[in-house]
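Working notes for the structure below.
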Amino acid sequence: MDDKPCVDFLQWALPGLCMRWAGFRKVHHQVCKRINRRLQALQLQDIAAYQDYLQRHREEWTVFDGLCRVTISRFFRDRLVFSNLQSTILPELVQRMRGRGETALRVWSAGCAAGEEPYSLSILWEFDVKERAGDAQTKIEIIATDSDQQLLDRAVAACYAYSSIKNLPEDWRRRAFDESDGVFCLCPPFRQYVKFICQDVRVDIPPGVFDLILCRNLVFTYFDDNLQRQILRRMEKALQPEGFLVIGIHETLPQDYDDFVARSQRLGVYQRRSW
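In the numbering used here, the protein residues as written are 4 to 278.
Written as structure tokens, this is what we have:
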């Protein structure tokens, strides 16, 4: 399948899913390969035929939506972000949590893929933040959501190739994973903090109030402005006053949305205002 017909098709079709072409510009080859496989499965001649098929079969939009899920993840992706979580954000949230008389820090990882992000946080907590908190009763609860059940099944299995974990410090890799035949499986103590839920961030959020929400390289990359604002309003309500929202380092919040203050635009770290 030639590149230009697929690009033209995506520019036509993505708004139907409240998505924007700009977010797919650099990753569209991945989506186009999936569309090509779908054409073969449907025995359609070309992308124009698939466009016509979408218009005649509304149920196919759900399938197309699944083809548009971009899954690029690894442990400690954007290491400076995790350094900031380690040195600044998590210790600050622990102190604020204690000030409320609570013992559990609640985190939501939205679009968690195969678990690399929430498990990165659990490793960071176990090897560093928990010890510095100086209180055995202080704990972390991580809710990790994704709309792809197959990815969540992989997350529960918690076994990865070396390429997924190579950004972790060597000592942490050795202590957190059991390796067999080039496959690295996360040890049970690091899994205990994370609960996985199959959920589409576009329509639902997990229950409760959170101290920290990680929503990186998803909502503010692929979704259009109106949908971004809808999701952001729900996230704001789900955050503690002065809680943190971390988005991707190449993402920005919608313009004129002033209920968050930037703590580090370079790292995509925002804090909910207390008003």
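Ideal Cβ placement from N, Cα and C applies to all residues, glycine included.
1. Leaving out the 5 sequence neighbours to the left and right, which residues in its chain are closer than 6 Å to Arg-109 when beta-carbon positions are compared?
2. Once the 5 residues before and after Leu-171 are set aside, which same chain residues still bring their CB inside 6 Å of it?
3. Tell me the rounded alpha-carbon separation between Met-100 and Leu-83.
4. By how many angstroms is the C-alpha of Arg-276 removed from the C-alpha of Glu-245?
5. So Trp-111 is in the beta strand (DSSP E); what residue range does that whole segment cover?
6. If you count every other CB in all the chains shown that lies within 10 Å of the CB of Lys-133, and 16 or more means buried, which is it?
7. What do you get for Glu-182, buried or exposed, if any count of 16 or more other CB atoms within 10 angstroms of its CB means buried?
8. Where does Met-4 sit, in a helix, a strand or coil, going by DSSP?
9. Alpha carbon to alpha carbon, what distance is there between Leu-17 and Asp-11?
10. Where does Ser-150 sit, in a helix, a strand or coil, going by DSSP?
11. Taking 8 Å as the cut-off, decide whether the C-beta atoms of Leu-217 and Val-264 are in contact.
12. Can you tell me whether DSSP reads Asp-227 as helix, strand or coil?
13. In terms of residues, what are the limits of the alpha helix (DSSP H) holding Ile-168?
14. I'd like the list of long-range same chain contacts for Asp-262, defined as Cβ closer than 7 Å, with 5 residues on each side in sequence excluded.
15. Do you know how far the Cα of Ala-139 is from the Cα of His-32?
16. At the level of alpha carbons, what is the spacing between Trp-175 and Leu-189?
17. In the DSSP output, which residue or residues are listed as bridge partners for Gln-274?
18. So, at 7 Å on beta carbons, what are the nonlocal neighbours of Leu-155 in its own chain, with the 5 sequence-adjacent residues on each side left out?
19. Specify the secondary structure class of Cys-218 as computed by DSSP and reduced to three states.
20. I'd like to check one pair, Asn-87 with Leu-270: are the Cβ atoms closer than 8 Å?
21. Rounded to the nearest angstrom, how far is the Cβ of Asp-227 from that of Arg-23, given a contact under 8 Å?
22. Keeping to the same chain, check which residues put their C-beta closer than 7 Å to that of Asp-151; ignore five residues upstream and five downstream.
23. In chain order, what residues of the same chain lie with their CB nearer than 6 Å to the CB of Leu-20, ignoring the 5 residues before and after it?
24. Does DSSP put Lys-29 in a helix, a strand or coil?
Answer, in terms of the structure:
1. If you number the sequence shown from 1, residue 109 lands on position 106. Same-chain partners within the cutoff: Glu-144, Phe-213, Asp-214.
2. Taking the first residue of the sequence shown as position 1, residue 171 is located at position 168. Closer than 6 Å at Cβ, skipping near neighbours: Phe-78, Phe-79.
3. Indexing the sequence shown from 1 puts residue 100 at position 97. Indexing the sequence shown from 1 puts residue 83 at position 80. Spanning the two alpha carbons is a distance of roughly 24 Å.
4. By one-based count along the sequence shown, residue 245 stands at place 242. By one-based count along the sequence shown, residue 276 stands at place 273. When rounded, the distance between both Cα atoms is 5 Å.
5. In the sequence shown, residue 111 corresponds to position 108, counting from 1. Its beta strand (DSSP E) spans residues 107-113.
6. To locate residue 133, count along the sequence shown from 1; it is residue 130. Its Cβ being crowded by 16 or more others within 10 Å, Lys-133 is buried.
7. One-based indexing of the sequence shown puts residue 182 at position 179. Glu-182 is exposed by the Cβ-count criterion.
8. Against the sequence shown, residue 4 aligns to sequence position 1. Summary for Met-4: the model assigns pLDDT 46, below 50, so the residue's position carries little reliability; its value from the coordinates is reported in the next sentence. Three-state DSSP puts Met-4 in coil, outside helix and strand.
9. Within the sequence shown, residue 11 is the residue found at index 8, counting from 1. Within the sequence shown, residue 17 is the residue found at index 14, counting from 1. Cα-Cα distance, rounded: 10 Å.
10. What you label residue 150 is simply residue 147 of the sequence shown in a count that begins at 1. Coil.
11. Along the sequence shown, one-based indexing puts residue 217 at 214. Along the sequence shown, one-based indexing puts residue 264 at 261. Against a cut-off of 8 Å, the Cβ pair of Val-264 and Leu-217 comes out as no contact.
12. Taking the sequence shown and counting its residues from 1, the one referred to as residue 227 is at position 224. If DSSP states are grouped into helix, strand and coil, Asp-227 belongs with coil.
13. If you number the sequence shown from 1, residue 168 lands on position 165. Element bounds for Ile-168: 165-168.
14. Numbered from its first residue, the sequence shown carries residue 262 at position 259. Once the five neighbours on either side are set aside, the close Cβ partners of Asp-262 are Glu-239, Arg-275, Arg-276.
15. Your numbering for residue 32 matches position 29 in the sequence shown. Your numbering for residue 139 matches position 136 in the sequence shown. So the two alpha carbons sit approximately 48 Å from each other.
16. One-based indexing of the sequence shown puts residue 175 at position 172. One-based indexing of the sequence shown puts residue 189 at position 186. About 11 Å.
17. One-based indexing of the sequence shown puts residue 274 at position 271. Phe-247, Val-264.
18. Stepping through the sequence shown from its first residue, residue 155 is reached at position 152. The answer, listed in chain order, is Asp-149, Phe-199, Cys-201.
19. Within the sequence shown, residue 218 is the residue found at index 215, counting from 1. Coil.
20. Residue mapping note: residue 270 aligns to position 267 of the sequence shown, counting from 1. Residue mapping note: residue 87 aligns to position 84 of the sequence shown, counting from 1. Yes; because the gap between Cβ atoms is below 8 Å, this pair is in contact.
21. Your numbering for residue 227 matches position 224 in the sequence shown. Your numbering for residue 23 matches position 20 in the sequence shown. Going by Cβ atoms, the distance from Asp-227 to Arg-23 rounds to 5 Å, so yes, they are a contact pair.
22. Position 148 of the sequence shown, counting from 1, holds the residue named residue 151. Short of 7 Å from the beta carbon of Asp-151, and not among the five residues preceding or following it, lie these beta carbons of its own chain, in chain order: Arg-72.
23. The residue you call residue 20 lines up with position 17 of the sequence shown. Excluding positions up to five away in sequence, the list reads Asp-68.
24. Looking up residue 29 in the sequence shown gives position 26. Residue state, collapsed to three classes: coil.
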